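**Student:** In our numbering, the protein residues as written are 38 to 502. Yeah, the Cβ is synthetic: ideal placement off N, Cα and C, and Gly gets one too. A quick note: this is a predicted structure, and the numbers were derived from the prediction, not measured.
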Amino acid sequence: MWACLLLPHLALDGILRRRPVDGPLVLVDGPVNARTVVAANDAARASGLHVGQRLTAAHALLAQFDAVPYDPDGVEKWHRFLAAVAYRYSSEVCLLPHAIVLEVSKSMGLFGPWPRLEAMLRADLEELGFRHRIAAAPTPHAAYILAGASDGLAVLTRDTLINALRRVPIQKSRLPVSASSLPGMGVRTFGQLLALPRDGLRRRFGAELLASMDRVTGDLPSGLDSFRPPDVFDLRIELVHEVENLAMLVFPVRRMTGDLAAYLAGRDGGVQRFLLRLEHRDDRNTDVVVGLLAAERDSAMLFEFARGRLEHVTLTEPVLALRLIARDLPAFVPAGRDLFDERPANALPFAQLRERLRARLGDGAVYGLGSTTDPRPERAQQIAASADVAIEAHPRPTWLLERPIPLRGYEPLILSGPERLETGWWDDGEVCRDYYVVETSLGQHAWAFCPPGEQSGWMIHGWFA
38 MWACLLLPHL ALDGILRRRP VDGPLVLVDG PVNARTVVAA NDAARASGLH VGQRLTAAHA
98 LLAQFDAVPY DPDGVEKWHR FLAAVAYRYS SEVCLLPHAI VLEVSKSMGL FGPWPRLEAM
158 LRADLEELGF RHRIAAAPTP HAAYILAGAS DGLAVLTRDT LINALRRVPI QKSRLPVSAS
218 SLPGMGVRTF GQLLALPRDG LRRRFGAELL ASMDRVTGDL PSGLDSFRPP DVFDLRIELV
278 HEVENLAMLV FPVRRMTGDL AAYLAGRDGG VQRFLLRLEH RDDRNTDVVV GLLAAERDSA
338 MLFEFARGRL EHVTLTEPVL ALRLIARDLP AFVPAGRDLF DERPANALPF AQLRERLRAR
398 LGDGAVYGLG STTDPRPERA QQIAASADVA IEAHPRPTWL LERPIPLRGY EPLILSGPER
458 LETGWWDDGE VCRDYYVVET SLGQHAWAFC PPGEQSGWMI HGWFA
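(1) Measuring CA to CA, which of A48, Y126, Y473 is closest to Y300?
(2) Rounded to whole angstroms, what's the CA-CA distance from S478 to F501? Just pull it up for me.
(3) Compare the beta carbon distance of I207 and L230 with 8 Å and say whether it is the shorter of the two.
(4) Taking the CB atoms as reference points, tell me whether R105 and I182 lie closer together than 8 Å.
(5) What does a CB cutoff of less than 6 Å around A94 pick up in its chain, not counting 5 residues either side in sequence?
(6) Classify D79: buried if its beta carbon has 16 or more other beta carbons within 10 angstroms, exposed otherwise.
(7) Can you list, in chain order, the residues of its chain whose CB lies under 7 Å from that of W115, leaving out five sequence neighbours each side?
(8) Of the choices A191, V130, L357, whose alpha-carbon is the least far from that of S263?
(9) Would you call the CB atoms of G345 and W436 closer than 8 Å?
(10) Determine, using beta-carbon pairs with one atom in the region 281-301 and one in the region 329-337, whether at least three such pairs fall under 8 Å.
(11) When you compare only the Cα positions, how much space is there between G85 and V269?
(12) Who are the near neighbours of P355 in its chain, counting only those whose CB is closer than 8 Å to its CB and skipping five residues on each side?
(13) Looking at the secondary structure, which residues open and close the alpha helix (DSSP H) in which Y300 lies?
(14) Do R204 and T176 have their C-beta atoms closer together than 8 Å?
(15) Rounded to the nearest angstrom, what separates P488 and R395 at their Cα positions?
(16) With DSSP run on the structure shown, which of helix, strand or coil describes W151?
(17) Under 8 Å, do A76 and L64 count as touching if we go by C-beta distance?
(18) Which one or two residues does DSSP pair with L231 in a beta bridge?
(19) Expressed to the nearest angstrom, what Euclidean distance is found between the alpha-carbon atoms of P109 and A136?
(20) Just confirm the distance between the C-beta atoms of V138 and A40, as a whole number of angstroms; I'd bet it's less than 8 Å.
(21) Taking 8 Å as the cut-off, decide whether the C-beta atoms of D297 and L359 are in contact.
(22) Distance, Cα to Cα, E459 vs L352?
(23) Could you check if I171 is buried or exposed, using at least 16 other CB atoms within 10 Å of its CB as the buried criterion?
(24) Note down, in chain order, each residue of its chain lying with its Cβ closer than 8 Å to the Cβ of R321, except the 5 sequence neighbours on either side.
(25) Could you check where the beta strand (DSSP E) with D365 kicks off and where it finishes?
(26) Give the single residue among R153, L154, L119, F486 whose Cα lies nearest to the Cα of F167.
(27) Nearest chain C C-beta to L42 closer than 8 Å, yes or no?
(28) Give me the Cα-Cα distance between F340 and P266, rounded to the nearest whole angstrom.
(29) Could you pull the start and end residues of the alpha helix (DSSP H) that F486 belongs to?
(30) Identify whether T93 lies in helix, strand or coil by the three-state DSSP scheme.
(31) Exposed or buried, D305, counting other C-beta atoms within 10 Å across all chains shown (16 or more means buried)?
(32) Between W484 and L390, what straight-line distance do the alpha-carbon atoms span, to the nearest angstrom?
(33) Taking its Cβ as the centre, do 16 or more other Cβ atoms sit within 10 Å of Y124, making it buried, or is it exposed?
(34) Inspect the beta-carbon positions of I274 and F311 and report whether they are closer than 8 Å.
(35) Below 8 Å on the Cβ atoms is my guess for P455 versus Y472; work out the distance and round it to an integer in Å.
(36) Near G303, what residues of its chain come up, given a Cβ to Cβ distance below 8 Å and the 5 sequence neighbours on each side ignored?
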């Protein structure tokens, strides 16, 4: 079972998703003195512009419209990017002109029956901003043909496939160029072509036509090469205008981090470090490094982290383009959740909260308690430089004070303890204390000790959350 994702407006969608426009927009290609329209948006077509029209004729018909040069390299990048996204649903993905085919018979055991899998594929493409047509068939070439003939068609058996192909016009059968003369001979559908003697077709059109027909029906292997996603994510967007305000970069950064998240989902991986490069004139760049303590791939989180880092940047010159590069792509392991999790629906896991604070406040603003060779509490507070925080054998306060302070008010209630810490005799910083977890008269939980030789006078060294 093969699914085909046909992308009839791939070049235009690649432009529109980074520069949404309400007015007429066309893509042009060809020599400078003979530019031709190769794609047009809805507004342009409504104004009378069409594919194949000379740019001079288009200007004579409509005075104001945007004309963007057709970029074949950019189209190829978007094509391969979407193939990497589709890799999430199948380990066998292949590329065809303006289309992606993927084997889904095994995938349906994981994602559900074809209607559910089709809905998931459509949701991904719609979220990324690419128009599409989808069809399913027993062979990849047949799915490719049916997607162009009828959006949403699903053919499950060979007999049904032959019946579906019979009604396909020759112009939509995607056969070799040699078959273009068939309609002039009265052969107007694929079914009529299948009914012709094969020996006569071989003598008149060569073996290439018969091989193409057999690949469609499944009598020959597809002959397609499998696609593998690259190990590096590299996306560049040229801005429509020079940007001097960081707020104007929010939309493209959101789009780029969303693309990164979709790419990571296709690889079933995460990202731990990526670079956001702001390109200026004369090949000058401003690099914004986004580093995470653990691999992530949620689009909202990646955007939040990137935006938090951007807020600390001061633009000294206009930005012409953005580039996002991710090379550190480790495996992604989703965080475990309890079956009966009592946390509120909008509560953030600790790892996400930690990363959000680091992005907003800076790397040095988040602290944690780590294991040290010195048990003195004053020397146990460290900047959280790794994803793992040591688990103490005894309770430790989330807020450890720089120095103990006296406890004012009534005598506290002892909840646990004592825990004796006696050390530091070798460096004139001797500590000999019995620590307790106490509850104050206001209901606060504190980590406290009594100085030796005194009957009262509790000293607070930390507070529990």
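**Tutor:** Reading from the atomic positions:
(1) Residue 300 sits at position 263 when you count from the first residue of the sequence shown. When only C-alpha atoms are compared, the closest one is Y126.
(2) Residue numbering aside, residue 478 sits at position 441 when the sequence shown is read from its first letter. Residue numbering aside, residue 501 sits at position 464 when the sequence shown is read from its first letter. Whole-angstrom Cα-Cα distance: 15 Å.
(3) Stepping through the sequence shown from its first residue, residue 207 is reached at position 170. Stepping through the sequence shown from its first residue, residue 230 is reached at position 193. The answer is yes: Cβ separation under 8 Å.
(4) What you label residue 105 is simply residue 68 of the sequence shown in a count that begins at 1. What you label residue 182 is simply residue 145 of the sequence shown in a count that begins at 1. According to the sequence as given, residue 105 is Val; it is not Arg. No, Cβ-Cβ distance for V105 and I182 is not below 8 Å.
(5) Locating residue 94 in the sequence shown gives position 57, where the first residue counts as 1. Once the five neighbours on either side are set aside, A94 has no close Cβ partner at all.
(6) Here residue 79 corresponds to residue number 42 of the sequence shown, with the count starting at 1. Exposed, since its Cβ has fewer than 16 Cβ neighbours within 10 Å.
(7) Translated into positions along the sequence shown, residue 115 becomes position 78. So the list reads L47, G51, once near-sequence residues are dropped.
(8) Sequence index remark: in the sequence shown, residue 263 carries index 226 (1-based). Here the closest residue by C-alpha is V130.
(9) The residue labelled residue 345 in the question sits at position 308 within the sequence shown. The residue labelled residue 436 in the question sits at position 399 within the sequence shown. No; because the gap between Cβ atoms is not below 8 Å, this pair is not in contact.
(10) yes
(11) Here residue 85 refers to the residue found at position 48 when the sequence shown is read from its first residue. Here residue 269 refers to the residue found at position 232 when the sequence shown is read from its first residue. G85 and V269: Cα-Cα distance of roughly 42 Å.
(12) Here residue 355 refers to the residue found at position 318 of the sequence shown. Cβ within range, chain order: E279, V280, E281, H317, R318.
(13) Taking the sequence shown and counting its residues from 1, the one referred to as residue 300 is at position 263. From DSSP, the alpha helix (DSSP H) with Y300 extends over 287-304.
(14) Taking the first residue of the sequence shown as position 1, residue 204 is located at position 167. Taking the first residue of the sequence shown as position 1, residue 176 is located at position 139. Taking 8 Å as the Cβ cut-off, R204 and T176 do not qualify as a contacting pair.
(15) Locating residue 488 in the sequence shown gives position 451, where the first residue counts as 1. Locating residue 395 in the sequence shown gives position 358, where the first residue counts as 1. Rounded to whole angstroms, P488 to R395 spans 37 Å at the Cα level.
(16) By 1-based counting over the sequence shown, the position of residue 151 is 114. DSSP places W151 in helix when its eight states are reduced to three.
(17) Numbered from 1 along the sequence shown, position 39 holds the residue referred to as residue 76. Numbered from 1 along the sequence shown, position 27 holds the residue referred to as residue 64. A contact, by the Cβ cut-off of 8 Å.
(18) Counted from its first residue, the sequence shown places residue 231 at position 194. Paired residue(s): none; L231 is not in a bridge.
(19) Within the sequence shown, numbered from 1, the residue matching residue 109 stands at position 72. Within the sequence shown, numbered from 1, the residue matching residue 136 stands at position 99. Whole-angstrom Cα-Cα distance: 15 Å.
(20) Counting from 1 along the sequence shown, the entry for residue 138 is found at position 101. Counting from 1 along the sequence shown, the entry for residue 40 is found at position 3. Between A40 and V138 the Cβ distance is about 7 Å, and since that is below 8 Å, they are a contact.
(21) If you number the sequence shown from 1, residue 297 lands on position 260. If you number the sequence shown from 1, residue 359 lands on position 322. Contrary to the premise, residue 297 reads as Leu rather than Asp in this sequence. It is not a contact, given that the beta carbons lie outside the stated cut-off.
(22) Position 422 of the sequence shown, counted from the start, is the residue given in the question as residue 459. Position 315 of the sequence shown, counted from the start, is the residue given in the question as residue 352. Rounded to whole angstroms, E459 to L352 spans 53 Å at the Cα level.
(23) Taking the sequence shown and counting its residues from 1, one reaches residue 171 at position 134. Its Cβ being crowded by 16 or more others within 10 Å, I171 is buried.
(24) Position 284 of the sequence shown, counted from the first residue, corresponds to residue 321. For R321, where only same-chain residues beyond five positions count, the Cβ hits under 8 Å are E354.
(25) The residue labelled residue 365 in the question sits at position 328 within the sequence shown. Here the beta strand (DSSP E) through D365 covers 356-365.
(26) On the sequence shown, residue 167 is found 130 positions in, with the first residue counted as 1. Of R153, L154, L119, F486, the residue nearest in Cα terms is L119.
(27) Checking the listed chains, one finds no chain C in this structure; it contains a single protein chain.
(28) Here residue 340 corresponds to residue number 303 of the sequence shown, with the count starting at 1. Here residue 266 corresponds to residue number 229 of the sequence shown, with the count starting at 1. So the two alpha carbons sit approximately 22 Å from each other.
(29) Taking the first residue of the sequence shown as 1, we reach residue 486 at position 449. Counting along the chain, F486 falls outside any alpha helix (DSSP H), though it belongs to the beta strand (DSSP E) covering 482-486.
(30) In the sequence shown, residue 93 corresponds to position 56, counting from 1. It is helical.
(31) Taking the sequence shown and counting its residues from 1, one reaches residue 305 at position 268. Label assigned to D305: exposed.
(32) Counted from its first residue, the sequence shown places residue 484 at position 447. Counted from its first residue, the sequence shown places residue 390 at position 353. Near 25 Å, if we compare the C-alpha coordinates of L390 and W484.
(33) Position 87 of the sequence shown, counted from the start, is the residue given in the question as residue 124. With 16 or more Cβ atoms within 10 Å of its Cβ, Y124 is classed as buried.
(34) Taking the first residue of the sequence shown as position 1, residue 274 is located at position 237. Taking the first residue of the sequence shown as position 1, residue 311 is located at position 274. For I274 and F311, no; Cβs fall outside 8 Å.
(35) On the sequence shown, residue 455 is found 418 positions in, with the first residue counted as 1. On the sequence shown, residue 472 is found 435 positions in, with the first residue counted as 1. Indeed they touch by this definition, with Cβ atoms about 6 Å apart.
(36) Here residue 303 is taken as the residue at index 266 of the sequence shown, counted from 1. Closer than 8 Å at Cβ, skipping near neighbours: A121, V122, A123, Y124, R125, P266.
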